[in-house]
Every structure is written in C-alpha cells, then in structure tokens.
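Participant:
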Amino acid sequence: MSRVAKKPITLPKGVEFNVSNDQVTVKGPKGTLVLAKPAGVEFKLDNGVLQLSAAEAANVPMAGTARAIVANMVTGVSEGFTRKLELVGVGYRAAMQGKELTLSLGFSHPVVFQAPEGITLTTPTQTEVLVAGADKQQVGEVAAKIRAFRKPEPYKGKGVRYSGEKINMKEAKKA
C-alpha cells in the first residue's frame, strides 16, 4: 500500500468532513471545498481522524493522490494558502482598485486582472502582491497567471516573480 495513503489526516476544530455517493465535501471557517469522489478509494472517519484506503491493489496510487488532495483541502478550509509575488523593475507597480488588480509592467497600457471567486488579492506595498484562498490549486493558478503577464527576464531580472524565486542570470554579450 502507498505510504502516503497510510498517513492519517487529523481534522482540526471547526472542520467538517462529509462523503456522499459521488463527492467529498470539506467545510471550515475559510470556506467549503468539494472534490469528486475518486473511484476505488474508501474514506473512514474516526474521532476526528480521517483514514483513506484502496479498495483494490490497482487503486493504491489513487488512494495516495486522494489523501494528498484531501489533506490540502483540510488545510485550506482551516488555515488557507497564500502566494507572494514580487514586481522587480523600474516603474513596475501594483495597486488594488476595488476587486481588480491593476499592474504597471512597462507596457503602454496598465494590465487589469479580475480575481476569480474564492481568491483574495492584496497589495501590502506597490511592488508586492499577495494571492490568498482556500483552494491550493486555484491560488497557484492565479499566481501563475499574474506572473505570466511579465515573466522575469534573464538579463536584468525584471518582471513578476514568486517570493524567493531564483532567476538564473545570463551574462551580457561581450564586444
């Protein structure tokens, strides 16, 4: 059996877990997340501890994947996930205007990004953007979309990058 699937998931206080015929629901203070129930994976809730197991040997890899996804759902509805982006470059700034993120990234026009449902965008400073939400996959996807407007270039390092991201710099051409 998968080592990942064997590890139990402890549900924190205020988090409810429910399995119906075709979906898994996790509800907590930060929201509600729903997952289509994976085929061949069995869920057992016992005193706030969730255990996953495979119905057959062929379903063992899916049990490990389902356990990781459900663990992320539990963390998301209890604590939430955040991703920090940094804007590096002269004149590069970010500002919130209502629910829209306005980015000045060196183009002739400002880039306006509308946050999807369930995602919170904040700008602590003009060169930082915080993407927060309960769904880990959606937070990462929104952060990647914002980064895609102006990826860091390898000569000066200008662009939108993840916090702590290392950019391999190239050497300029020699005369």
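For what it's worth, our numbering labels the leading residue of the sequence shown as 1, then goes sequentially.
No residue lacks a Cβ here, since even glycine has one placed at the ideal position from N, Cα and C.
Sort Thr-75, Lys-84, Val-160 and Gly-91 by Cα distance to Arg-150 and report the nearest one.
Facilitator: Minimum Cα distance to Arg-150 is reached at Val-160.
Participant: Which residue wins for smallest C-alpha separation from Ala-143, given the options Lys-156, Thr-120, Arg-83 and Gly-106?
Facilitator: The candidate whose alpha carbon is nearest that of Ala-143 is Arg-83.
Participant: Using a Cβ-Cβ cut-off of 7 Å (strictly less than) and excluding sequence neighbours within five positions of Gly-118, which residues of its own chain qualify?
Facilitator: Gly-31, Gly-133, Ala-134, Asp-135 and Gln-138, listed in sequence order.
Participant: Between the region 67-76 and the region 88-95, can you find at least three pairs of beta-carbon atoms closer than 8 Å?
Facilitator: Output reads no: the region 67-76 does not touch the region 88-95.
Participant: Whose C-beta lies closer than 8 Å to the C-beta of Gly-152 among residues of the same chain, with five residues either side of it excluded?
Facilitator: First, the amino acid is wrong: residue 152 is Pro here, not Gly. The residues are Val-88, Lys-158, Gly-159, Val-160, Arg-161, Glu-165 and Ile-167.
Participant: Which residues mark the beginning and the end of the beta strand (DSSP E) in which Asn-18 is found?
Facilitator: Counting along the chain, the beta strand (DSSP E) containing Asn-18 begins and ends at 16-19.
Participant: Spell out the partners DSSP gives Ile-9 in its beta bridges.
Facilitator: DSSP output for Ile-9 lists Leu-50 as bridge partner(s).
Participant: Within the same chain, show all residues whose beta-carbon is closer than 6 Å to that of Phe-81, passing over the 5 residues directly before and after it, in chain order.
Facilitator: Taken in chain order, the residues that qualify are Lys-136 and Val-139.
Participant: Can you tell me whether Pro-38 is buried or exposed? The criterion is at least 16 other CB atoms within 10 Å of its CB, across all chains shown.
Facilitator: Label assigned to Pro-38: buried.
Participant: Would the region 1-11 and the region 40-59 be scored as touching if the rule is three or more Cβ pairs under 8 Å?
Facilitator: Verdict: yes, contact present.
Participant: Tell me whether Gly-76 is buried or exposed, calling it buried when 16 or more other Cβ atoms sit within 10 Å of its Cβ.
Facilitator: Buried, since its Cβ has 16 or more Cβ neighbours within 10 Å.
Participant: Under 8 Å, do Glu-128 and Gln-114 count as touching if we go by C-beta distance?
Facilitator: Going by C-beta atoms, Glu-128 is not nearer than 8 Å to Gln-114.
Participant: How many whole angstroms separate the CB atoms of Thr-41 and Asn-18, which I take to be in contact at a CB cut-off of 8 Å?
Facilitator: Reading off the sequence shown, one finds Val at residue 41, where the question assumed Thr. No, Val-41 and Asn-18 are not in contact; Cβ-Cβ is about 15 Å, not under 8 Å.
Participant: Leaving aside the five residues before and after Thr-102 along the sequence, list all residues of the same chain whose C-beta is less than 6 Å from its C-beta, in chain order.
Facilitator: Closer than 6 Å at Cβ, skipping near neighbours: Ala-95, Pro-110 and Val-112.
Participant: With distances taken from CA atoms, which of Ala-172, Glu-141, Ser-163 and Arg-147 is nearest Tyr-155?
Facilitator: The shortest Cα separation from Tyr-155 among Ala-172, Glu-141, Ser-163 and Arg-147 belongs to Ala-172.
Participant: On the premise that Ser-108 lies in contact with Arg-93, defined as a C-beta separation below 8 Å, what is that separation, rounded to the nearest angstrom?
Facilitator: Not confirmed; about 15 Å, so no contact.
Participant: How big is the Cα-Cα spacing for Gly-98 and Ala-148?
Facilitator: C-alpha separation (whole angstroms): 22 Å.
Participant: Whose CA, out of Pro-124, Thr-123, Leu-85 and Ala-175, lies closest to the CA of Ile-146?
Facilitator: Of the listed residues, the one whose Cα sits closest to Ile-146 is Leu-85.
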